[in-house]
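Everything below concerns the one structure shown next.
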Amino acid sequence: MSSRTSQRIRRRRNQCKWANARSLASLIGPRVSELCLLDVTDIRWDLGTFGKVLLHGKGRRG
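Everything in the sequence shown is counted per our numbering, starting at 2 for the first residue and increasing by one.
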């Protein structure tokens, strides 16, 4: 595989990653601070059909 092809693949993969992150954020509606704290381990694929996202934020602290 040429260097140019691998660069294109990496760029496309990065674009897909950010597109998925944007669509996830629009679906679950988190605060900006909650998005900043989000980690890959916070996505629980074993819970439910589409998984669950654990958000770290205010919660019920009012």
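Using N, Cα and C, we set each Cβ at its ideal position, and we do this for glycine too. No experiment lies behind these values; they were computed from the predicted model shown.
Tell me the residue span of the alpha helix (DSSP H) that contains residue i.
i     : result
Thr6  : 4-29
Leu38 : 33-38
Give the DSSP-derived three-state secondary structure of residue i in the structure shown.
i     : result
His57 : coil
Leu48 : coil
Determine the closest residue to residue i out of the options, with distance taken between C-alpha atoms.
i     : options             : result
Pro31 : Leu55, Phe51, Asn15 : Leu55
Val41 : Gly49, Lys18, Ser27 : Lys18
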